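*Asks:*
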Amino acid sequence: MFWIRIIYFILRPAVPALRSQVMELSSRDEGSKIDYGLVLTLMLFCIVSLVAIYTANSSYLIKQVINYVVGAIIIALVIRLDSDQLKKISWYGYGFGILLLILLILAPASIAPERNGAKNWFVLPVIGTFQPSEIMKPFLILAMARLISDHNEKVLNRSVKSDFWLFVKLGICLFVPLMLTIQQDLGTSLVFIAIFFGLVFVSGITWKLMLPIFGSGAALAGLIFYLVLWKPALLEKYLGVRSYQFGRIYAWIDPYNYSNTDGYHLIQSLLAIGSGQTFGKGLGTTEVSLPENQTDFIFSVIGEQFGFIGGSIVIGLFFMLIYHIIKAGLETKNDFYSYICAGVIAMITFHVFENIGMTIQVLPITGIPLPFISYGGSSLIGNMLAVGFIFSIRYHYRKYMFSNEK
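If you want it as structure tokens, here you go:
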């Protein structure tokens, strides 16, 4: 299949070492190296996703099953890669993701149609839609984790100057994909930024730099919000922000004033979740019309049918997932692994916070899917690839538990 060929292309540099490693492992040892708690969590996500998608739009059910099967195959491939092999493929994956983003911009409308003046997907025969930015996210995590790990191994006596240089290198790593997506897909750009700040936070950079950096970031966010409300023409002229993106902000602040345009989805989402009350209306009972509710607004479907209890269970599943990732990061003695865990946590946490937040008017609508639950092959494959890194960490835990490698 198309996805398997892509992943094989990325993993090909590590194949020789991988083959010898597979031959050495016995089947009895393999079972003890798998994080079954994480497996159970993913299985529960799969069940929730399939039930929610079936009740939202049953025509997408089989496709989501296929997406999960492909995701499981990817995890089975990635789990064999140890720290050295993941480092080997990190820049290949990063470069491949950048190449796809460039090709998306240059591609003709026949295979990369524009929507609201932006190109976000390839539309390919048989395969369907494919969003390169979703694959870029886990590879950005891998590249940044390697940058931090390599830098900290080389710099034994840290200083403000060395920490600043690390920040610059991470900024350059972020800059390329950010510039390729910020005008096309603001939501994905925000995820890239969340990954960046999450990894900066755990990189060991001194607070003498961190405080000014985060303070400047907060001030910049406040300035942008002011410009959106009062000087939108400046953002359109100098940053290329599109008018529909402003509409989402205005509709977030006052959705009922934009009930026929940008505010419609938010109003319907609030009605759906509110009408579910504590226990919901029951499986399959959908009374509030919400277009494309199998994707970005899948949480609204869950809220309407299963109420506050159902929504709380979904949030609890994400806490379980984050717990397993934190556990993997804390137990390993390999710093590169720990940075991967931090990046995956930043990515998933931002996705969940933004997606659920936008359905209840806490945050503006950005088109970010709910990880592992929303329908979408690209999103699910990207998330499964990221979780595959975590499985790899747990799988090779014994190898590094008694080593001096960091």
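Quick note on full-length UniProt numbering: the sequence shown kicks off at 1 and runs consecutively. Built from N, CA and C at the ideal position, the CB exists for glycine as well. These numbers come from a predicted model, not from an experiment.
Are V48 and V314 close, meaning C-beta to C-beta below 9 Å?
*Replies:* Yes, the pair counts as a contact, with Cβ atoms nearer than the cut-off.
*Asks:* Classify residue 438 as helix, strand or coil using the three-state DSSP reduction.
*Replies:* Limits of the chain in this structure are 1 at one end and 406 at the other, which puts residue 438 out of reach.
*Asks:* Determine the contact status of residue 408 and I141, defining contact as a CB-CB distance below 9 Å.
*Replies:* Nothing about residue 408 can be read from this structure; the chain reaches only from 1 to 406.
*Asks:* When the Cα of I66 is compared with those of R394, G93 and I381, which residue comes out closest?
*Replies:* Among R394, G93 and I381, the Cα nearest to that of I66 is on I381.
*Asks:* Using the Cα positions of G303 and G310, report the straight-line distance between them to the nearest angstrom.
*Replies:* 7 Å
*Asks:* In terms of alpha-carbon separation, which member of R146, G71, Q184 and S149 lies closest to E114?
*Replies:* Q184
*Asks:* Let me know if L86 comes out buried or exposed under the rule of 16 or more other beta-carbons within 10 Å of its beta-carbon.
*Replies:* buried
*Asks:* Check F297 in the structure and name its three-state DSSP category.
*Replies:* coil
*Asks:* Would you mind giving the Cβ-Cβ distance between F306 and G280, rounded to the nearest angstrom? I have them listed as a contact below 8 Å.
*Replies:* Confirmed, Cβ separation roughly 4 Å.
*Asks:* In whole angstroms, give me the CA-to-CA distance for F353 and N293.
*Replies:* 18 Å
*Asks:* At what residues does the beta strand (DSSP E) containing T181 begin and finish?
*Replies:* No beta strand (DSSP E) contains T181, which is instead part of the alpha helix (DSSP H) from V160 to T181.
*Asks:* What did DSSP end up calling residue 412 once you bin it into helix, strand or coil?
*Replies:* In the structure as shown, the chain begins at 1 and stops at 406. Residue 412 is therefore absent and cannot be evaluated.
*Asks:* So, using beta-carbon positions, are F130 and G97 closer together than 9 Å?
*Replies:* It is not a contact, given that the beta carbons lie outside the stated cut-off.
*Asks:* Grouping DSSP H, G and I as helix and E and B as strand, with all else coil, what is V288?
*Replies:* coil
*Asks:* Measuring only the C-alpha atoms, how far is T295 from I390?
*Replies:* 25 Å
*Asks:* Using the three-state DSSP reduction, which class does L223 fall into: helix, strand or coil?
*Replies:* helix
*Asks:* Our contact map puts I249 next to I360 with C-beta atoms below 8 Å; I'd like the distance itself, whole angstroms only.
*Replies:* That belief does not hold up - the Cβ atoms of I249 and I360 are roughly 16 Å apart, past 8 Å.
*Asks:* Taking its Cβ as the centre, do 16 or more other Cβ atoms sit within 10 Å of Q277, making it buried, or is it exposed?
*Replies:* exposed
*Asks:* Could you tell me the alpha carbon to alpha carbon distance between L229 and Y244, rounded to whole angstroms?
*Replies:* 14 Å
*Asks:* Determine the direct distance from the alpha carbon of Y68 to that of S59, and round the result to whole angstroms.
*Replies:* Straight through space, the alpha carbons of Y68 and S59 are spaced by roughly 16 Å.
*Asks:* Below 8 Å CB to CB, which residues in the same chain sit around S259 once its five sequence neighbours on both sides are set aside?
*Replies:* I267
*Asks:* Which residue marks the beginning of the alpha helix (DSSP H) containing F372, and which one marks its end?
*Replies:* Note, F372: premise wrong, no alpha helix (DSSP H); not H, not E.
*Asks:* Between P364 and the rest of its own chain, which residues show a CB-CB distance below 6 Å, the 5 nearest in sequence each way excluded?
*Replies:* R248, I249 and W252
*Asks:* Which residue from K33, Q64, A56 and N57 puts its Cα closest to that of F45?
*Replies:* Q64
*Asks:* Thinking C-alpha only, which one of G217, K161, G187 and S162 is nearest K137?
*Replies:* Nearest C-alpha to K137: G187.
*Asks:* Work out the CA separation of A143 and Y92 for me, nearest whole Å.
*Replies:* 9 Å
*Asks:* Identify the continuous alpha helix (DSSP H) that holds G198 and give its terminal residues.
*Replies:* L186 to V202
*Asks:* Would you call V301 buried or exposed, if buried means 16 or more other Cβ atoms sit within 10 Å of its Cβ?
*Replies:* buried
*Asks:* Among all the DSSP beta bridges, which residues are the ones paired with T129?
*Replies:* V123
*Asks:* Considering only the beta carbon of each residue, do F299 and I356 sit closer than 9 Å?
*Replies:* yes
*Asks:* Please report how far the alpha carbon of H265 lies from the alpha carbon of L290, in whole angstroms.
*Replies:* 7 Å
*Asks:* Taking Cβ positions, are F192 and P177 nearer each other than 9 Å?
*Replies:* In contact: F192 and P177 (Cβ atoms closer than 9 Å).
*Asks:* Return the first residue and the last residue of the alpha helix (DSSP H) that V352 is part of.
*Replies:* D335 to T359
*Asks:* Suppose contacts are defined by Cβ-Cβ distances below 9 Å. Is A342 in contact with A194 by that definition?
*Replies:* no
*Asks:* I need the straight-line Cα distance from L103 to N120, nearest angstrom please.
*Replies:* The alpha-carbon atoms of L103 and N120 are separated by roughly 11 Å.
*Asks:* What is the DSSP secondary structure of S59, counted as helix, strand or coil?
*Replies:* helix
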